[in-house]
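Structure, as structure tokens:
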Amino acid sequence: MLRWQNEYTQTKTLADDLIIQYGYKANRDSDAIFRTKQNLLQSKLNSLSSELFAIKQSPAEHNASLLDVQRAEQELNTLKTRASEQLGISAPQQLFGAKGPANVMSLDAHRVMEQHDSRISDQDKKIEVLSRIVGQTGDIAIDLQHQLNEQSPLISNINTKIEHTNVKVAKSTQKAVTLQNKAATCSLWCIIILLLIAICLVAFL
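First residue of the sequence shown: 2, per the working numbering; consecutive thereafter.
Here you go:
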């Protein structure tokens with residue numbers, strides 16, 4: 002909106018200069034400088050109208066409020082009227098060329114609609130990509146859940162077998178200890194019996 006205000010100020014200055022220099026001259030239409038500046042003024046007014054229409058369609062994008070747009074419209078209409086009256090142009094639309102400002106507005110509206118449709122199309126494409134990614138992520142999560150459900154009985158079975166194995170290992174260890182103790186006891190008795198036999202032999206001899 003600030004850019005539009007700057008262009009409006011420059012256009013208003015140009016219109017004021019034309020009115021001061023050529024407003025009351027009878028032969029101004031034959032003056033090449035006047036015609037050049039008049040064409041420049043027409044071009045600037047066309048540009049202001051187009052830009053203001055675009056701002057009006059999306060004020061937020063141009064940092065403008067509805068009140069700012071309404072005030073700008075009033076200022077621009079006042080400037081058009083002054084330029085028309087003081088510069089001797091019979092109809093205000095002559096400032097905008099043969100077809101008038103409506104054609105400018107129509108073309109600008111068409112451009113705005115094309116931009117709007119393009120933005121919506123881009124947003125739809127991004128939403129579609131995001132939706133596809135979310136869907137793929139959901140499929141991966143479902144597959145992981147299925148795999149966990151399938152692996153859960155196997156894991157439970159492995160844990161059961163490990164527990165059984167631990168029990169068997171504990172029993173085997175206990176048996177080994179018992180056998181070791183029995184073997185030690187048998188060895189001790191054998192030694193004792195051998196000693197008794199040796200003592201008996203020594204006594205009889």
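Idealized CB from N, CA, C, for every residue including glycine. Every value quoted in this text rests on a predicted model; they were computed, and no experiment measured them.
Check	Outcome
Let me know the secondary structure DSSP gives Ala65 once reduced to three states.	coil
Taking Leu53 and Thr12 to be in contact with their CB atoms under 8 Å, please state how far apart those CB atoms are, rounded to whole angstroms.	Not confirmed; about 12 Å, so no contact.
Where do the ends of the alpha helix (DSSP H) carrying Ser44 lie?	Ala33 to Gln58
Are the segment 16 to 25 and the segment 34 to 41 touching, with three or more C-beta to C-beta distances below 8 Å?	yes
Select from Ser119, Asn158, Gln75 and Gln181 the residue whose C-alpha is nearest the C-alpha of Tyr252.	The requested residue 252 is not part of the displayed model; the chain covers only 2 to 206.
Going by alpha carbons, who is nearest to Leu80 out of Thr14, Ser59, Ala55 and Glu164?	Thr14
Put Gln6 into one of helix, strand or coil per three-state DSSP.	helix
Mind checking Val70: buried by the 16 CB within 10 Å criterion, or exposed?	buried
Excluding sequence positions up to five away, which residues of its chain have a Cβ less than 6 Å from the Cβ of Trp5?	Glu52
Using beta-carbon positions only, say whether Met2 and Asn47 come within less than 7 Å of one another.	no
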